[in-house]
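J.: Got a structure for you, questions after.
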Amino acid sequence: MEDEFSSLKKNHTWTLTELPAGKNVVGCKWIYKIKYKPDGSGDRYKAKLVAKGYSHVYGVDFSETFFLVVKMTSIRVLMALAAQYNLELHQMDVKTAILNGRLHEEVYMVILEGLKVSFEKNKIKEKLKTEFKMVDLEDIHHCLGMQVDRNREEGWIRISQPRYLVEKLARFNMADCKPIDTPMEPGLKLSTLDSPNSVGESEEVKNIPYQAAVGSLTWAMVTRSDISFAVSSVAQFMSNLGLTHWKLVKRIFRYLRGILDFGLVFTRVDKPSGLTGYSDADWGGCLDTRLSTSGYCFQLNGGTISWISKKQKSVTLSSIEAEYMALSKARAETMWLRELLTDLGFELESTTIFCDNQSAISQIENHKYHKRSKHIDIRYHFVRDLVTNNLVKLVYVPTEEMIADVMTKPLAREKQWYHSQNLGLLVGNEEERSK
1 MEDEFSSLKK NHTWTLTELP AGKNVVGCKW IYKIKYKPDG SGDRYKAKLV
51 AKGYSHVYGV DFSETFFLVV KMTSIRVLMA LAAQYNLELH QMDVKTAILN
101 GRLHEEVYMV ILEGLKVSFE KNKIKEKLKT EFKMVDLEDI HHCLGMQVDR
151 NREEGWIRIS QPRYLVEKLA RFNMADCKPI DTPMEPGLKL STLDSPNSVG
201 ESEEVKNIPY QAAVGSLTWA MVTRSDISFA VSSVAQFMSN LGLTHWKLVK
251 RIFRYLRGIL DFGLVFTRVD KPSGLTGYSD ADWGGCLDTR LSTSGYCFQL
301 NGGTISWISK KQKSVTLSSI EAEYMALSKA RAETMWLREL LTDLGFELES
351 TTIFCDNQSA ISQIENHKYH KRSKHIDIRY HFVRDLVTNN LVKLVYVPTE
401 EMIADVMTKP LAREKQWYHS QNLGLLVGNE EERSK
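Printed below as a string of structure tokens:
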């Protein structure tokens, strides 16, 4: 706590003053966490002083909330490149980095109790001078809570979250649960019909830590693409959960309990395949809205760097249209990834995107137009321009080989395991890998 307070003072984070009339004041509190050494053992306790910003009113005390953070996709891209080209992979830690942001609004916070500070009246500074220290953490072993294993001789990097999963299983009383081999029962479709429709049913779920559990699963997805569809499904019922929804949340934890050491692997290959993608969609899978689900994944030299499972924004009238809209969603990610790799100095050929709907591919490549497709929104036709300009090449792949299938529907054990392996998910030791 003393270290944190010293950093706050050194960065001139605040100026002591009297509260002007008509201004809202926020409280503050300490947040505690444990920092870990590269080998995963405990290093030291850390305390962070935070303001209770939730008491501020939008439009009165602030106009927007934003903090620049790295995308997990960018981190996975760097992992894939480091594995392929045997690059050095170091990490640096910015000491009290968050203190270097600049506020445009004046924020008044209650003086922290128990701290001896000298009180002097000054006006709140409009701009805070910032300085910070950089700590070299040497070779990367942990990153944002992820465990990073590497074998430079064999040419692979693996990221996983076993310690995080163990902590969350314990938190939600699932540490000794019976493992199961799929995150979601094949054919299961959740619905608001499973939500409470009486006071008694609402009381049954009132104390269930549903939001916290789903939030924990969402972070687990940064290395576990195999649970994307299941987590996306339960996340749709954060405010109207029922016992059926909670049962699925626990099933996902049971699945994770069975393979705690599952991790995402990036491997050096003799013939780099560059950037490739897989795009898929179900059709009208949501029982409540009949919206379809888009799913895509992108790989760099065979290592999965980006994926998504998300409901489409409008109802589609055919499976072709659903696939078309899914391809448009993948198109946006394609352009972002291409720009990122270009900024890193790579010259890219056209990006291959695999699709298992030949009619959708034909409609895009041949610019077919007929009454059944004229209603498709203009923005979804942009993928045609990418194909025409040779930025994207669409290639048909049989449904059995469609990796993104795991992002659009619950699968049986064999298919779930097959696609998980193709996504680059492997267990961390040979004994478990052979099971």
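According to the UniProt record's numbering, the stretch in the sequence shown is residues 1 to 435, in order.
Ideal Cβ positions, reconstructed from N, Cα and C, are used throughout, including at glycine.
Keep in mind the model is a prediction, meaning the values are calculated, not measured.
#1: By a C-beta neighbour count over all protein chains shown, 10 Å radius and 16 as the cutoff for buried, is residue 207 buried or exposed?
#2: From residue 340 to residue 17, what distance separates their C-alpha atoms?
#3: Report all residues from its chain with a CB closer than 7 Å to the CB of residue 267; omit the five preceding and five following residues, and keep chain order.
#4: Spatial neighbours of residue 20 within its chain, please: C-beta separation below 6 Å, excluding the five flanking residues on both sides.
#5: According to the Cβ coordinates, are residue 241 and residue 230 closer than 8 Å?
#6: Count the other CB atoms within 10 Å of the CB of residue 357; is the residue buried (16 or more) or exposed (fewer)?
#7: Return the first residue and the last residue of the beta strand (DSSP E) that residue 158 is part of.
#8: Apart from the five residues just before and just after residue 188, which ones in its own chain have a Cβ nearer than 8 Å to its Cβ?
#9: Between residue 251 and residue 184, is the Cβ-Cβ spacing less than 8 Å?
#10: Closer than 8 Å by C-beta to residue 125: which residues in its own chain qualify, once you throw out the five before and the five after it? Chain order, please.
#11: In three-state DSSP terms, what is residue 267?
#12: So, at 7 Å on beta carbons, what are the nonlocal neighbours of residue 257 in its own chain, with the 5 sequence-adjacent residues on each side left out?
#13: Going by Cα to Cα distance, which pick from 22, 8, 4, 25 is closest to residue 32?
#14: I need the boundaries of the beta strand (DSSP E) containing residue 151, first residue and last residue.
#15: Helix, strand or coil for residue 50? Go by DSSP, reduced to three states.
#16: Which residue spans inside the region 172-224 form an unbroken alpha helix (DSSP H) run of at least 4?
#17: Can you round the beta-carbon distance between residue 299 and residue 334 to whole angstroms, since I take them to be within the 8 Å contact cut?
#18: Go ahead and pull the three-state DSSP assignment for residue 258.
#19: Is residue 300 helix, strand or coil by DSSP?
#20: What residues match up with residue 353 in a beta bridge as DSSP calls it?
#21: Nearest CA to the CA of residue 182: which residue from 259, 215, 202?
#22: Per DSSP, what are the beta-bridge partners of residue 45 in this structure?
#23: Please name the residue or residues paired with residue 164 in a DSSP beta bridge.
#24: Here's the rule: buried if 16 or more other CB atoms are within 10 angstroms of the residue's CB, otherwise exposed. What is residue 6?
#25: What separation, rounded to the nearest whole angstrom, lies between the Cα atoms of residue 193 and residue 199?
#26: Pull up the CB-CB distance for residue 284 and residue 292, whole angstroms please, since I reckon it's below 8 Å.
#27: Are any of the Cβ atoms in chain B nearer than 8 Å to that of residue 164?
#28: Can residue 73 and residue 305 be called in contact, C-beta distance under 8 Å?
#29: What's the C-alpha gap between residue 420 and residue 403?
#30: Count the other CB atoms, across all protein chains shown, that sit within 10 Å of the CB of residue 111; report buried if there are 16 or more and exposed otherwise.
#31: In three-state terms, what does DSSP make of residue 426?
#32: Could you tell me whether the region 320-327 touches the region 352-366, using the rule of 3 or more Cβ pairs below 8 Å?
#33: Tell me where the alpha helix (DSSP H) around residue 365 begins and ends.
#34: On the DSSP bridge list, what partners appear for residue 295?
#35: Please classify residue 385: does DSSP put it in a helix, a strand, or coil?
T.: In terms of the structure at hand:
#1: exposed
#2: Each residue's alpha carbon lies about 45 Å from the other.
#3: Excluding sequence neighbours, residue 267 sits near 83, 155, 156, 302, 303.
#4: none
#5: No, Cβ-Cβ distance for residue 241 and residue 230 is not below 8 Å.
#6: buried
#7: 156-160
#8: Closer than 8 Å at Cβ, skipping near neighbours: 248, 410.
#9: yes
#10: Note that residue 125 has pLDDT 32, beneath the 50 cutoff, so the model's placement of it is unreliable and no number is given.
#11: strand
#12: Taken in chain order, the residues that qualify are 169, 174, 177, 179.
#13: 4
#14: Its beta strand (DSSP E) spans residues 146-151.
#15: strand
#16: 199-205, 210-220
#17: Wrong, their Cβ atoms sit about 12 Å apart, outside the cutoff.
#18: If DSSP states are grouped into helix, strand and coil, residue 258 belongs with the helices.
#19: strand
#20: 277, 394
#21: 259
#22: By DSSP's assignment, residue 45 forms a beta bridge with 34.
#23: Looking at the DSSP assignment, residue 164 forms no beta bridge with any residue, so it has no partner.
#24: exposed
#25: 15 Å
#26: 6 Å
#27: Protein chains in the displayed structure number just one, and chain B is not present.
#28: Residue 305 is positioned such that its CB atom lies closer than 8 Å to that of residue 73.
#29: One alpha carbon belongs to residue 420, the other to residue 403, and they sit about 8 Å apart.
#30: exposed
#31: strand
#32: yes
#33: 358-365
#34: 280, 309
#35: helix
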